[in-house]
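Q: If you read the sequences in order, they're chains S, R and C.
Using the working numbering, the first residue of the first sequence is number 1, and each one after it goes up by one.
Using the working numbering, the first residue of the second sequence is number 1, and each one after it goes up by one.
Using the working numbering, the first residue of the third sequence is number 1, and each one after it goes up by one.
Glycine residues also receive a C-beta, built at the ideal position from the N, C-alpha and C atoms.
My questions will all concern the structure given below.
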Amino acid sequence: MKSVTKYLWFKTKSKRELIRITEEVKKVVAESGVKEGLCLISSMHLTSSIIIQDDEKGLHEDIWEWLEKLTPYKKDYKHHRTGEDNADAHLKNLVTHLQVVLPITQGKLDLGPWQEIFYAEFDGQREKRVVIKIIGE
Amino acid sequence: MKSVTKYLWFKTKSKRELIRITEEVKKVVAESGVKEGLCLISSMHLTSSIIIQDDEKGLHEDIWEWLEKLTPYKKDYKHHRTGEDNADAHLKNLVTHLQVVLPITQGKLDLGPWQEIFYAEFDGQREKRVVIKIIGE
Amino acid sequence: MKSVTKYLWFKTKSKRELIRITEEVKKVVAESGVKEGLCLISSMHLTSSIIIQDDEKGLHEDIWEWLEKLTPYKKDYKHHRTGEDNADAHLKNLVTHLQVVLPITQGKLDLGPWQEIFYAEFDGQREKRVVIKIIGE
């Protein structure tokens, strides 16, 4: 069994961003030499997620609008008694799920035709980390 | 390490359907010969998901009703400027999560007593694909 | 390849609870002897989930309040025709996702700085089970 661990760092300019990382993940898979296996891509923070979506600008706007309505930024979350102001970002992480697991088949990420991997930042302008863990052969 | 990759194809008659695939996944696990491992079952599209739920008709109606209220079908999503009309299906995929990972223990899918695996179609009448990836020994 | 399967049992006093299980999962990882691999932690029931969140009381209150608003307990779900009264708990399981997969790196769970693992019970006072499955080397 082979295994590879790689960390990606992000510090976004905006509070909220969708950053396509498909190419970076593909590179890690290629360098791993793993032909058949699984690739976990997971946020190491509670205010960002890894999601799979279409890379279409209009759809991204729809997602942000829907997500903000579902988990609105507001002052009066109880979490904010700690001095934080990002409870909405925790809820956004919870609803979108922090991670995905992708198959590696014949040495390549086995993605569907429109599937792109995104780092979804819900409380940016801070250093955040994503772990990529590959196991296989 | 053993690995098996299998694709399931779907083309539903309706726009929205829940199709039980537990038996098909169990068959792939049995044929793999893997005794201990992990089984990823993941939608390769952005408008369908794999979910684990109880196979109870009333509950399925509750899920559809709740999901439609949460991510309503409507005309004016920005994604629809591309000619598509399925932005709600993308949101349904996002909220239900596209995939599950199940343990294989003593040669069998290690499911709880009422856990059944479903292919959840949110924008059917098109050809869609699901990947099953097993790794283990 | 090594593999370890372990079950955790829960029977909560309350209908809804968040129980931190990070320490128990770390113990299973340590005992497994696996240095590099993946650790799946998954609810075997449809009315509880495994989630990763911050262990902060105010945030937990925010999560429960938000989740109850999103998937309210009420009498008139169609699932209740079966005699059950927990359709809201099924929806809570669906929206929070039943499971997480975590990397094991250098013999340890590779968690971010504030990531704690929780068993989230949505319909307690019954015996429930969680599976931990580790594969690696």
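According to the neighbour-count rule (16 or more other Cβ atoms, all chains shown, within 10 Å of its Cβ), is residue 89/C buried or exposed?
A: Burial call: buried.
Q: Which first and last residues belong to the beta strand (DSSP E) in which residue 105/S is found?
A: Residues 99-105.
Q: So which of 78/R, 135/R, 134/R and 126/R has the shortest CA-CA distance to residue 48/R?
A: With distances taken between Cα atoms, residue 48/R lies closest to 126/R.
Q: Can you list the alpha helix (DSSP H) stretches of 4 or more residues lying completely in the stretch 22-59 of chain C, in chain order?
A: For the stretch 22-59 of chain C, whole alpha helix (DSSP H) runs of length 4 or above, ordered along the chain, are 22-32.
Q: Near residue 122/S, what residues of its chain come up, given a Cβ to Cβ distance below 7 Å and the 5 sequence neighbours on each side ignored?
A: Within the same chain, residue 122/S has close Cβ partners 16, 47, 48, 89, 92 and 93.
Q: In the DSSP assignment, find the alpha helix (DSSP H) that holds residue 96/R and state where it starts and stops.
A: First-last of the alpha helix (DSSP H) with residue 96/R: 87-96.
Q: On the CB-based measure, 16 or more other CB atoms within 10 Å of its CB, does residue 119/C come out buried or exposed?
A: Counting Cβ neighbours within 10 Å, residue 119/C comes out buried, since at least 16 surround it.
Q: Name, in chain order, the residues that DSSP records as bridge partners for residue 9/C.
A: 129/C, per the DSSP bridge assignment.
Q: What residue range is occupied by the uninterrupted beta strand (DSSP E) comprising residue 111/C?
A: Looking at the DSSP string, residue 111/C is not in any beta strand (DSSP E), and its letter there is neither H nor E.
Q: For residue 106/S and residue 33/R, I'd like the C-alpha separation in whole angstroms.
A: Their Cα atoms are separated by approximately 20 Å.
Q: Quick one: which residues of the stretch 72-93 of chain S get their C-beta closer than 7 Å to a C-beta of chain C? List them in chain order.
A: Those residues of the stretch 72-93 of chain S that come within reach of chain C (Cβ to Cβ, closer than 7 Å) are 77, 78, 79, 81, 82, 87, 90 and 91.
Q: Rounded to whole angstroms, how far is the Cβ of residue 41/S from the Cβ of residue 50/S, which I believe are closer than 8 Å?
A: So it is a contact: roughly 5 Å between Cβ atoms.
Q: Check each residue of the stretch 17-41 of chain R: if its Cβ is closer than 7 Å to any Cβ of chain C, include it; give the result in chain order.
A: Listed by position, the residues of the stretch 17-41 of chain R near chain C (Cβ gap below 7 Å) are 36, 37 and 38.
Q: Just mark residue 82/R as buried or exposed, buried being the case when its beta carbon has 16 or more other beta carbons within 10 Å.
A: Its Cβ having fewer than 16 others within 10 Å, residue 82/R is exposed.
Q: On the criterion of 16 or more Cβ atoms from any shown chain inside 10 Å, does residue 76/R qualify as buried, or is it exposed?
A: The residue in question, residue 76/R, is exposed, as its Cβ has fewer than 16 Cβ neighbours within 10 Å.
Q: Can you tell me where the beta strand (DSSP E) with residue 84/C in it begins and where it stops?
A: Here residue 84/C belongs to no beta strand (DSSP E), and DSSP marks it neither H nor E.
Q: So for residue 121/C, helix, strand or coil by DSSP?
A: Looking at residue 121/C - three-state DSSP - the assignment turns out to be strand.
Q: Assuming the contact rule is C-beta atoms closer than 8 Å, residue 130/C and residue 3/C should be a hit. Round their C-beta distance to whole Å, please.
A: Actually they are not in contact, since the Cβ atoms of residue 130/C and residue 3/C sit about 17 Å apart, beyond 8 Å.
Q: Mind checking if residue 59/R is an interface residue toward chain C, Cβ cutoff 7 Å exclusive?
A: At least one chain C Cβ lies under 7 Å of residue 59/R.
Q: Please compile the residues from chain S whose C-beta is within a distance smaller than 8 Å of the C-beta of residue 9/C.
A: Neighbours of residue 9/C on chain S: none; closest Cβ ~25 Å, over 8 Å.
Q: For residue 49/C, go through chain R and note every residue whose CB falls closer than 7 Å to its CB, in chain order.
A: Correct list: empty, because the minimum Cβ distance to chain R is about 11 Å.
Q: What residue does the beta strand (DSSP E) around residue 17/S start on, and which one ends it?
A: Start and end: 17-20.
Q: List the residues of chain R whose Cβ lies closer than 7 Å to the Cβ of residue 129/C, in chain order.
A: The answer, in chain order, is 112.
Q: So residue 55/C contacts chain S; which residues on that side make the cut at Cβ distance below 7 Å?
A: The premise fails here: residue 55/C is roughly 10 Å from chain S at the closest Cβ pair, so nothing lies under 7 Å.
Q: Comparing C-alpha positions only, which one of 102/S, 11/S and 84/S sits nearest to residue 36/S?
A: Of the candidates 102/S, 11/S and 84/S, the one whose C-alpha sits nearest the C-alpha of residue 36/S is 102/S.
Q: Buried or exposed for residue 30/R, going by 16 or more other Cβ atoms inside 10 Å?
A: The residue is exposed, with fewer than 16 neighbouring Cβ atoms inside 10 Å.
Q: How close, in whole Å, do the beta carbons of residue 109/S and residue 135/R come, if the pair is a contact with beta carbons under 8 Å?
A: With a Cβ gap of about 15 Å, residue 109/S and residue 135/R do not count as contacting.
Q: What whole-angstrom Cβ distance do residue 10/S and residue 128/S have, given they're in contact under 8 Å?
A: Rounded, the Cβ-Cβ distance is 5 Å, consistent with contact.
Q: Under the three-state reduction of DSSP, which class applies to residue 2/S: helix, strand or coil?
A: DSSP places residue 2/S in strand when its eight states are reduced to three.
Q: Whole angstroms is fine: what's the gap from residue 87/R's alpha carbon to residue 56/C's?
A: Their Cα atoms are separated by approximately 35 Å.
Q: Buried or exposed: residue 23/R, going by 16 or more other Cβ atoms within 10 Å of its Cβ?
A: By the neighbour-count rule (16 or more Cβ atoms within 10 Å), residue 23/R is not buried but exposed.
Q: For residue 112/C versus residue 45/S, is the C-beta distance shorter than 7 Å?
A: The answer is yes: Cβ separation under 7 Å.
Q: I want to see whether chain R comes within less than 7 Å of residue 109/C, judged by CB atoms only; does it?
A: So no, residue 109/C is outside the interface.
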